[in-house]
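Numbering (this note's numbering), first residue to last: 8 to 69. Quick reminder that beta carbons are idealized off the backbone N, C-alpha and C, glycines included. Below: the structure, in structure tokens.
Laid out in structure tokens, this is it:
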């Protein structure tokens with residue numbers, strides 16, 4: 008069992024970026040509107056996906 012510590016909007020996928028976190032030769036995700044949340048125990052899953060409606064409603068993020 009893992010958990011959620013925050014949410015962000017994925018706004019772009021780019022082949023290069025000036026961020027210090029970008030690694031050359033790979034695509035990078037551009038995130039915006041990042042919000043920290045108190046730790047919420049939540050079953051993990053691989054891949055990028057929409058946050059479940061139940062989680063968004065719990066923190067009034069809909």
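query: Can at least three beta-carbon pairs, one atom from the segment 56-68 and one from the segment 16-23, be found at a separation below 8 angstroms?
result: Contact check between the segment 56-68 and the segment 16-23: fewer than three CB pairs, one atom from each, fall below 8 angstroms, which does not count as touching.
Three-state class that DSSP yields for residue 64 in the structure shown: Residue numbering aside, residue 64 sits at position 57 when the chain shown is read from its first letter. Helix.
Selected residue, minimal CA-CA separation from residue 36, among 25, 67 and 49: What you label residue 36 is simply residue 29 of the chain shown in a count that begins at 1. Of 25, 67 and 49, the residue nearest in Cα terms is 25.
Residue 14 (DSSP reduced to helix, strand or coil): Numbered from 1 along the chain shown, position 7 holds the residue referred to as residue 14. It is a strand residue.
query: On the three-state DSSP scale, how would you describe residue 42?
result: Locating residue 42 in the chain shown gives position 35, counting from the first residue. Annotated three-state conformation of residue 42 is strand, per DSSP.
message: When you compare the CB positions of residue 69 and residue 43, do they come within less than 8 angstroms of one another, or not?
response: What you label residue 69 is simply residue 62 of the chain shown in a count that begins at 1. What you label residue 43 is simply residue 36 of the chain shown in a count that begins at 1. No, the pair does not count as a contact, with Cβ atoms beyond the cut-off.
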